[in-house]
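Heads up: the sequence shown at position 198 corresponds to 198 in this note's numbering, and the numbers run straight through without jumps. Notes for the one structure printed next.
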Amino acid sequence: MDTSSSIWTEKYRPKKFEELVGQEEVVKKVENLTKSMNIPHLLFAGPAGTGKSTLALIVVKELFGSTWKENYLELNASDERGIDVVRQKVKDFARTKALGNVPFKVIFLDEADALTREAQQALRRTMENYTSTCRFVMSCNYSSKIIDPIQSRCVVLRFKLLERKDIDKRIRLIAENEGFSVGDEAIESLYEASEGDFRRIINLLQASASISNSVTADLINTLSASAKPKDIKVVLDYALSGDFLKAKEKLLDVMLRDSVSGTDIIKSIQKEIWNLDVDPELKVRLTEKTGEIEFRLVEGSDEFIQLEALLAGFVMAGRGK
Ligand SMILES: Nc1ncnc2c1ncn2[C@@H]1O[C@H](COP(=O)(O)OP(=O)(O)OP(=O)(O)O)[C@@H](O)[C@H]1O
Ligand SMILES: [Mg+2]
1 MDTSSSIWTE KYRPKKFEEL VGQEEVVKKV ENLTKSMNIP HLLFAGPAGT
51 GKSTLALIVV KELFGSTWKE NYLELNASDE RGIDVVRQKV KDFARTKALG
101 NVPFKVIFLD EADALTREAQ QALRRTMENY TSTCRFVMSC NYSSKIIDPI
151 QSRCVVLRFK LLERKDIDKR IRLIAENEGF SVGDEAIESL YEASEGDFRR
201 IINLLQASAS ISNSVTADLI NTLSASAKPK DIKVVLDYAL SGDFLKAKEK
251 LLDVMLRDSV SGTDIIKSIQ KEIWNLDVDP ELKVRLTEKT GEIEFRLVEG
301 SDEFIQLEAL LAGFVMAGRG K
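Take a look at the structure:
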């Protein structure tokens, strides 16, 4: 048995450019560069689970075909103990010439933003030393954490959070392959819980499908333990209409029934505010209050007291105060 296939994020990792969803611009650019058989150094920047590592793998497989393993080195900046290890590995790898028609090898450096500025300076010199034999593909969540001299040596490509419209087809493909059913509402819930991270979507799907072969919104919500948007909307409606007690009761109910943490509730509230049918100015005020409470929660304040304070704030805001 192929054990790697039992983890769906690997099994359903796209193997061709056209299988990646939601990153059309980036994919088109990278595909064209790859076809020219001569890529520059690349910096992939963007949120988790949006396809950065996947695209890097597709590039090397396209470039090198069956000899890709010999021509590809993957390093993780946050695992490797310091820049010296990275440099030594690069040196060892870059010493021998590339096999086949492509005149360079590819080094993928994951989580490059985990390197300190000093380490990045060292990396920059390494890049210069091996430019004739190696191309670097780096990935990071925030390009602002990468020093300018590295950025300027790379073509910077920005990955986006996945959008709702991007995910349907791939989810249905997985469902069909694995033999379970998934409805529109469940897909909506998956999207809500994923925050644009496809890895999270697939993990939630695999967890749900291991429980039932009919994946429902309820199941997803229970597993992702984020509060249901509908319930949160009820809480907000009560608060804004001035009914503090009902709002508080409903909130408690959601928190205890689904065992959702205070910070997850805050995130759900934050999202729901923008779906409310109220004045934009009020949305801004509510968002500001939510941010303040989120900060207090992170600092360790009692979550029930803080959430009650938030609801009280919403009641006042609803009255225009
Ligand atoms: N754009 C996408 N299209 C299709 N599947 C995707 C996409 N992005 C991610 N996935 C799925 O999520 C998994 C994780 O993606 P990947 O490893 O490329 O994320 P990443 O952007 O490198 O994230 P991280 O910043 O956490 O390293 C993939 O195996 C794939 O199954
Ligand atoms: Mg990655």
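Ideal Cβ placement from N, Cα and C applies to all residues, glycine included. Given the structure is predicted, the values throughout are model-derived calculations rather than measurements.
Backbone CA spacing between residue i and residue j [nearest angstrom]
i	j	result
L57	S139	12 Å
N71	I167	33 Å
K97	V106	11 Å
K165	V260	27 Å
D2	T9	Bear in mind that the predicted position of D2 carries a pLDDT of just 43, short of 50, making it unreliable; the figure below should be weighed with that in mind. Going from the Cα of D2 to the Cα of T9 covers about 14 Å.
L20	E294	34 Å
S4	I202	Because S4 carries a pLDDT of 44, less than 50, the predicted location of this residue cannot be relied on, and the following value inherits that uncertainty. S4 and I202: Cα-Cα distance of roughly 15 Å.
N129	E24	33 Å
R285	V234	19 Å
Q206	E74	27 Å
T331	A119	This structure does not reach residue 331, given that the chain is present from 1 up to 321, and the question cannot be answered.
L42	A312	50 Å
K69	Y191	34 Å
E281	K28	39 Å
A122	D79	17 Å
T116	E299	26 Å
D110	F136	10 Å
V30	V60	11 Å
L63	K52	17 Å
D148	V26	21 Å
Status (buried if at least 16 other CB within 10 Å, exposed otherwise) for residue i
i	result
I7	exposed
L310	buried
G320	exposed
N221	buried
G65	exposed
A317	buried
K250	buried
A225	exposed
S189	buried
S323	Residue 323 lies beyond the stretch modelled for the chain, which goes from 1 to 321, so this question has no answer here.
I305	exposed
K91	exposed
M37	exposed
S152	exposed
Y12	buried
I265	buried
K169	exposed
Any non-hydrogen atom of ligand 2 closer than 8 Å to residue i Cβ
i	result
S139	yes
S53	yes
D110	yes
Boundaries of the alpha helix (DSSP H) in which residue i is found, first to last residue
i	result
I265	262-273
S224	217-224
D231	229-240
D148	148-151
V106	It is not in any alpha helix (DSSP H) - V106 instead sits in the beta strand (DSSP E) that spans 105-110.
F93	82-95
T126	117-129
M316	303-318
Any non-hydrogen atom of ligand 1 within 8 Å of residue i CB
i	result
V21	yes
Y142	no
G262	no
I269	no
G12	This sequence places Tyr at residue 12; Gly is not what is there. Answer for Y12: yes, Cβ within range of ligand 1.
I202	yes
F17	no
D79	no
R199	yes
R170	yes
P47	yes
F244	no
F159	yes
Span of the beta strand (DSSP E), counted from its first residue to its last, around residue i
i	result
V137	134-140
D258	D258 -> no beta strand (DSSP E), and no H or E assigned at all.
R170	Run containing R170: none in the beta strand (DSSP E); it sits in the alpha helix (DSSP H), 164-178.
F343	The requested residue 343 is not part of the displayed model; the chain covers only 1 to 321.
Y72	72-76
L157	154-158
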